[in-house]
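Asker:
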Amino acid sequence: MSNHLFSEADHAELYQKYRPKWNAEFAEKVVAFVKEKRSSPLLRAVDIGCGSGQSSEILAPHFQHVLGIDVSEPQIAMASANNKLNNVEYRVAPAESIPVPDGSVDLVMCLQAAHFFDFEKFNAEMDRVLVPGGCLAVAGTIYDKFSQDELTRISHQFLHQGPIKDCWHERLDRYVFTEYRTLPMPYDGAVRDDSMSFEFDLTIPQYIDLVSTYSPYREFCRRNPEDNGAFLQNLQKSLYEATASTKPVEEVIVHATFPIFLLLVRKPEV
Ligand SMILES: C[S@@+](CC[C@H](N)C(=O)[O-])C[C@H]1O[C@@H](n2cnc3c(N)ncnc32)[C@H](O)[C@@H]1O
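Residue numbers (numbering that gives the first Met the number 0): 0 to 269.
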């Protein structure tokens, strides 16, 4: 559907370098939900839309086998090249046709990805692949909340009111900015957890590197090749000026909080 958004090799490399990595605390919360109704050992998890390896490895201590799948070949190539774990495997495959047998998956996890799927086919696929009592965890995050309000205002102005405004995929507006409250789930009774966040101390150029991985920015570059980095330079300049720091820009550290929203749901046991 929006697969071209992540299909370029340099995008996969930027992703690997700059995207926030999901952590062990997040994995433990997800696994605790799975274990609420399971006494047998957890055999298989599938991380869908795994990107270049931001998340699948956090499941490795909890499952015998973890499969990370993504429709983007460059993302999977990058994830495989960096994989050091024997029980984690990466494959190119879509969320709507997962390469595993029926009733063989204890957990499907989709991080920053579920909003791109064909929901009808994906939800039918959940019913096919999950064991009875198996779980689906979908989570996302909204970037660009700084501890200094003026920085939040500036980044918001650049990313949502300027020339990039029209480059946001409509599904980001419809599902991510509503924190997945509108995301169709395959089963009733989804549990919501809004207690976690990514916390970052990063330099302004590091933040600019992160923005360079955003799909709307990539779309903006495709539509405006003559921009040639000017958008990011202007954003960096405005943020730097707002800090009123006398240090060189590479040394100015800002604090950002990216709230995480997590939905957990279980396939009925009978
Ligand atoms: C925003 S990235 C998220 C990557 C990673 N999970 C993370 O948290 O940073 C979304 C990923 O979903 C993948 N994707 C989009 N539609 C997909 C589909 N239908 N099936 C599998 N992967 C898909 C994209 O190729 C991309 O790598």
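For each residue, glycine too, the CB sits at the ideal point set by N, CA and C.
1) Is the separation between the beta-carbon of Q53 and that of K20 shorter than 9 angstroms?
2) For V33, I'd like the list of residues in its chain whose CB is within less than 7 angstroms of its CB, leaving aside the five on either flank, ordered along the chain.
3) Less than 6 angstroms between C-beta atoms, sequence neighbours within five positions excluded: which residues of the same chain meet that for P185?
4) So, under 8 angstroms CB-CB, V190 and G139 are touching, yes? Tell me the CB distance rounded to an integer number of Å.
5) Mind checking which residues open and close the alpha helix (DSSP H) that includes E240?
6) Output the boundary residues of the beta strand (DSSP E) element that contains C49.
7) Given this structure, state the Cα-to-Cα distance separating I97 from Q232, to the nearest angstrom.
8) Using only CA atoms, which one of L182, E119 and N85 lies nearest to H64?
9) Examine the Cβ distances between the region 219-227 and the region 144-156 and report whether three or more of them are shorter than 8 angstroms.
10) Which same chain residues, not among the five before or five after N22, have their C-beta less than 8 angstroms away from its C-beta?
11) Below 8 angstroms CB to CB, which residues in the same chain sit around F62 once its five sequence neighbours on both sides are set aside?
12) Do you know how far the Cα of V128 is from the Cα of P100?
13) Could you tell me the distance, in whole angstroms, from the CA atom of M77 to the CA atom of S51?
14) Taking 8 angstroms as the cut-off, does the CB of C166 come closer than this to any heavy atom belonging to ligand 1?
15) Output needed for N2: all residues of its chain with C-beta closer than 6 angstroms, excluding positions within five of it in sequence on either side, in chain order.
16) For S237, tell me which candidate among R152, R265 and Y179 has the shortest Cα-Cα distance.
17) V70 by DSSP, collapsed to three states: which one?
18) Rounded to whole angstroms, what's the CA-CA distance from K246 to Q235? Just pull it up for me.
19) For G48, verify whether its CB is less than 8 angstroms away from any heavy atom of ligand 1.
20) Given 8 angstroms as the limit, tell me if V70 has its C-beta closer than that to any heavy atom belonging to ligand 1.
21) Can you tell me which of the three DSSP states A92 falls into?
22) Just how far apart, CA to CA, sit R90 and L66?
23) Quick one: what's T140 bridged to in DSSP?
24) From M0 to C220, what distance separates their C-alpha atoms?
25) For P131 versus V264, is the C-beta distance shorter than 9 angstroms?
26) On the three-state DSSP scale, how would you describe P131?
27) Which residue wins for smallest C-alpha separation from L201, given the options S194, M195, P60 and V210?
Answerer: Once the coordinates are examined:
1) yes
2) L41, D105, L106 and C134
3) N122 and M125
4) Wrong, their Cβ atoms sit about 16 angstroms apart, outside the cutoff.
5) A229 to T242
6) Here C49 belongs to no beta strand (DSSP E), and DSSP marks it neither H nor E.
7) 41 angstroms
8) N85
9) no
10) I57
11) L41, L42, R43, A44, N86, D105 and L106
12) 7 angstroms
13) 5 angstroms
14) no
15) The pLDDT assigned to N2 is 46, lower than 50, so where the model puts this residue is not dependable; a value taken from the coordinates is nonetheless given after this. Hits under 6 angstroms: V70.
16) R152
17) coil
18) 14 angstroms
19) yes
20) yes
21) coil
22) 7 angstroms
23) I259
24) Below a pLDDT of 50, predicted positions are generally treated as unreliable, and M0, at 42, falls in that range; no measurement from the model is reported.
25) no
26) strand
27) V210
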